[in-house]
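Visitor: Every letter in the sequence shown is one number past the one before it in numbering that gives the first Met the number 0, and letter 32, counting from 1, is 31. Where a beta carbon is used, it is the ideal one built from N, C-alpha and C, also for glycine.
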Amino acid sequence: MKLLPFENTWPYERIKDDIYFDACPNCGAENVLTYMKKEQLNDAFDGVKTDIIMPCCYFKITIAEADNDYFWATERLRK
Numbered sequence: 000m001k002l003l004p005f006e007n008t009w010p011y012e013r014i015k016d017d018i019y020f021d022a023c024p025n026c027g028a029e030n031v032l033t034y035m036k037k038e039q040l041n042d043a044f045d046g047v048k049t050d051i052i053m054p055c056c057y058f059k060i061t062i063a064e065a066d067n068d069y070f071w072a073t074e075r076l077r078k
């Protein structure tokens, strides 16, 4: 897989089976609980593209990869 730029990353927190963002990359809402399931996270770890719809503003993020700290998206998330 082609190396993605750091601008395409966004940090996340995992508490048990819940995935949180400190802030939404689109609208800036704080402490956003995503609807991401454990199976989707495992797919992202395996490099399977996974979509997340942010519950705060319905912004769609396509996750290309994940590590223990960051999601690597197909689009730029950082300004």
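Please state the DSSP three-state secondary structure of Asp68.
Guide: One-based indexing of the sequence shown puts residue 68 at position 69. In the structure shown, Asp68 sits in coil (DSSP, three-state: anything other than H, G, I, E or B).
Visitor: Relative to the C-alpha of Asp21, which residue among Asn30, Pro4, Asn7 is closest?
Guide: Taking the first residue of the sequence shown as 1, we reach residue 21 at position 22. Closest by alpha carbon: Asn30.
Visitor: I need the straight-line Cα distance from Phe5 to Cys23, nearest angstrom please.
Guide: Numbered from its first residue, the sequence shown carries residue 5 at position 6. Numbered from its first residue, the sequence shown carries residue 23 at position 24. Computed Cα separation, rounded: 17 angstroms.
Visitor: Is the separation between the beta-carbon of Trp9 and that of Tyr57 shorter than 8 angstroms?
Guide: Reading the sequence shown from its first residue, position 10 is the one you call residue 9. Reading the sequence shown from its first residue, position 58 is the one you call residue 57. No, they are not a contact pair.
Visitor: Pull the bridge partners of Arg13 from the DSSP assignment, please.
Guide: The residue given as residue 13 occupies position 14 in the sequence shown. DSSP, once it has assigned bridges, lists Ile18 as partnering Arg13.
Visitor: Measuring CB to CB, does Lys59 end up less than 8 angstroms from Asp50?
Guide: For the purposes of this step, residue 59 is taken as residue 60 along the sequence shown, with counting starting at 1. For the purposes of this step, residue 50 is taken as residue 51 along the sequence shown, with counting starting at 1. The Cβ atoms of Lys59 and Asp50 sit closer than 8 angstroms to each other.
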